[in-house]
Amino acid sequence: MLASSSLPLLPKDLASDCEVRWCPGCGDFSILAQMKKVLSVLGLPRERMVFVSGLGCAGRFPYYLNTYGFQTIHGRAVAVATGLKLARPELLVWVITGDGDGLSAGGNHLLHAMRRNVDIKVILINNEVLGRSKGQSSPTSRVGTRTKSNPLGTFDTPLRPLSVALAAEATFVARTVDVDIDHLGETLLRAARHRGAAFVEIYQNCNVFNPDVFAYASDKAVKFDNVVYVEHGKPMIFGKDRDRGVRLNGLTLEVVSRSQVASSELLLHDETLAEPILAHLLARMTYQPDDPTSMPEVMGVLRAVERPPHHDQVEAHQTGCDPSEVDLAAFYATGETWTYEENEPPGNQLP
Ligand code: SF4
Numbered sequence: 037m038l039a040s041s042s043l044p045l046l047p048k049d050l051a052s053d054c055e056v057r058w059c060p061g062c063g064d065f066s067i068l069a070q071m072k073k074v075l076s077v078l079g080l081p082r083e084r085m086v087f088v089s090g091l092g093c094a095g096r097f098p099y100y101l102n103t104y105g106f107q108t109i110h111g112r113a114v115a116v117a118t119g120l121k122l123a124r125p126e127l128l129v130w131v132i133t134g135d136g137d138g139l140s141a142g143g144n145h146l147l148h149a150m151r152r153n154v155d156i157k158v159i160l161i162n163n164e165v166l167g168r169s170k171g172q173s174s175p176t177s178r179v180g181t182r183t184k185s186n187p188l189g190t191f192d193t194p195l196r197p198l199s200v201a202l203a204a205e206a207t208f209v210a211r212t213v214d215v216d217i218d219h220l221g222e223t224l225l226r227a228a229r230h231r232g233a234a235f236v237e238i239y240q241n242c243n244v245f246n247p248d249v250f251a252y253a254s255d256k257a258v259k260f261d262n263v264v265y266v267e268h269g270k271p272m273i274f275g276k277d278r279d280r281g282v283r284l285n286g287l288t289l290e291v292v293s294r295s296q297v298a299s300s301e302l303l304l305h306d307e308t309l310a311e312p313i314l315a316h317l318l319a320r321m322t323y324q325p326d327d328p329t330s331m332p333e334v335m336g337v338l339r340a341v342e343r344p345p346h347h348d349q350v351e352a353h354q355t356g357c358d359p360s361e362v363d364l365a366a367f368y369a370t371g372e373t374w375t376y377e378e379n380e381p382p383g384n385q386l387p
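Read in order, the letters of the sequence shown correspond to residues 37 to 387 in my numbering.
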C-alpha cells in the first residue's frame, strides 16, 4: 500500500523510481511532466489517485507516477476504470490511452463510459500511428499515411476522436497539444475538476514513426494561422495577426477576414450548450495544407456540461428501488431464464 505523504505533493514527489523508457524526444515526456504539475495543484494524497492504461507507448504512464496504477490489456483500460470508479467513487481515476488502444479494441468501452458519464478522465494521446508495435496504421491515421501495415498509404477514413466522444454524449470534451505546456496543463486541470466523463485528445509527436504530423498545430512559426484557441464566451479569432475569425453560415462554419465583417458576426464560443451541435461542427474543423480556404483546428474545451455522474445515478437507482416491489419468484417462473451447465456440449446451453 502506498504511504501518505505530507501535502501538497510536489511534482517531484509524484515521480516513481522507474526509468522512463520512451524514445528521446517523444511527446509523452511533456505530457507526463504537465500531469505531475496538475496532480500537485489538485492537492490530493497519492493514494486517492489512480492511473489505468491499456497497451501502447501511453500504457507506460502508470509506471512513471508514484500513485496507484494498473496497466491492463489492449483496449480494456476504460472497462477497468469504470469498475474501479463504481467501487471506489472517492478516487480520482485517470485513463491514459492512445489512438490505437482507445479507438480500436477499446472503442466500444469508450463509447459506453461516455454515455454513462462515468467520472473518469480519459486522456487519449493521439499520434495517428501505433508506436509501441513499431509503426502500423491506427484508427486515426490520415488518408495516404504510409506505414508498415499500409506501405502504399492508408485509405480508410480516419476516426475523429472528439466527434466520437461527442457522439457518445461525453460531458467534457477538449483538445490540446503536447508541446503547448501551459494550454496542456490548463486542459488537464479542467478535466480533473470536471464531475463526470472527461475526454481530452492530445496531439502528440511520435518522432520515430510519424514525426511532425501535427507540426502545423504545434510549431510556433505557423500554428497561430492553423488553429483557433476557443474560450468560453469569447469570439473565435485566430491568425498570427488575429486577422481572421470563424462565422456560422447556415449549418456550416466559415473563415472570414476581420477587416470585412463586423465583430458581432463572429461566432461566440459557448461550451455549455446542452445540445452539442456546435461542438460537433467545431470538432470537424480540419486543417488542409496548401488550401487558402482551410479551416483552423480547434484547441480548448469544446463542451463542458453538467449531468449526474454514473456512480450517483447507480446510487440513486439503488436507493429508489424497493426490492419488495419486484416479484422475483414470478419473474423466474416465466421461463425467460436459463442455466448454463459447465460440461454441456456447445450449442446446447440456451433453452
Ligand atoms: S514509438 Fe513514438 S510514441 Fe512510442 S515512445 Fe517512441 S516516439 Fe514515443
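Ideal placement from N, C-alpha and C gives every residue a C-beta, glycine not left out.
CA-to-CA distance, residue j to residue i, given in whole angstroms
i: N163; j: G95; result: 14 Å
i: D306; j: K170; result: 40 Å
i: V249; j: Y368; result: 57 Å
i: G232; j: V350; result: 13 Å
i: L80; j: Q70; result: 16 Å
i: T108; j: H268; result: 36 Å
i: Q172; j: R196; result: 18 Å
i: I161; j: N285; result: 32 Å
i: G92; j: G189; result: 22 Å
i: A113; j: G105; result: 11 Å
i: V291; j: M321; result: 11 Å
i: K157; j: V131; result: 6 Å
i: L101; j: K72; result: 8 Å
i: F191; j: A310; result: 35 Å
Of the residues the options, the one placed nearest residue i, counting alpha carbons only
i: Y265; options: Q240, D218 and L309; result: D218
i: L302; options: D279, Y252 and T322; result: D279
i: V215; options: F65, V56 and N379; result: F65
i: A210; options: A228, E237 and P187; result: E237
i: H346; options: Q354, A340 and R339; result: Q354
i: R168; options: V158, T193 and G136; result: G136
i: D326; options: L68, N262, G221 and T190; result: N262
i: K276; options: A203, A253 and L120; result: A253
i: A340; options: C357, L120, H148 and R226; result: R226
i: S293; options: L304, T308, L309 and F274; result: F274
i: G221; options: C54, S52 and L68; result: L68
i: L147; options: L198, A123 and E55; result: L198
Counted within 10 angstroms of its Cβ, other Cβ atoms place residue i as buried (16 or more) or exposed
i: P328; result: exposed
i: I313; result: exposed
i: P387; result: Bear in mind that the predicted position of P387 carries a pLDDT of just 49, short of 50, making it unreliable; the figure below should be weighed with that in mind. By the neighbour-count rule (16 or more Cβ atoms within 10 Å), P387 is not buried but exposed.
i: Q324; result: exposed
i: K184; result: exposed
i: T176; result: buried
i: S174; result: buried
i: N246; result: buried
i: C62; result: buried
i: G371; result: exposed
i: N379; result: exposed
i: F97; result: buried
i: G336; result: buried
i: D155; result: buried
i: C59; result: exposed
i: T212; result: buried
i: T133; result: buried
i: A366; result: exposed
i: G356; result: exposed
Contact under 9 Å by Cβ, residue i with residue j
i: V77; j: A117; result: no
i: L289; j: V200; result: no
i: V129; j: V88; result: yes
i: V297; j: A319; result: no
i: R82; j: L45; result: yes
i: V282; j: P332; result: yes
i: T207; j: A234; result: yes
i: L287; j: A315; result: no
i: C242; j: V179; result: no
i: T103; j: L43; result: no
i: G142; j: G111; result: yes
i: A204; j: M150; result: yes
i: I159; j: L224; result: yes
i: P344; j: A352; result: yes
i: K6; j: L304; result: Not covered by the structure: residue 6. The range shown for the chain is 37 to 387.
Item to check | Those runs of the alpha helix (DSSP H) which lie wholly inside the segment 222-304 and span at least 4 residues | outcome: 251-254 and 259-262
Next on the checklist: My parser needs the alpha helix (DSSP H) runs of 4 or more residues fully inside the segment 317-345; what are they?
Outcome noted: none
Item to check | Unbroken stretches of the beta strand (DSSP E), 3 residues or longer, contained in the segment 156-228 | outcome: 156-162 and 208-213
Next on the checklist: List, from N- to C-terminal side, the alpha helix (DSSP H) runs of 4 residues or more that fit wholly inside the segment 101-153.
Outcome noted: 113-123 and 143-152
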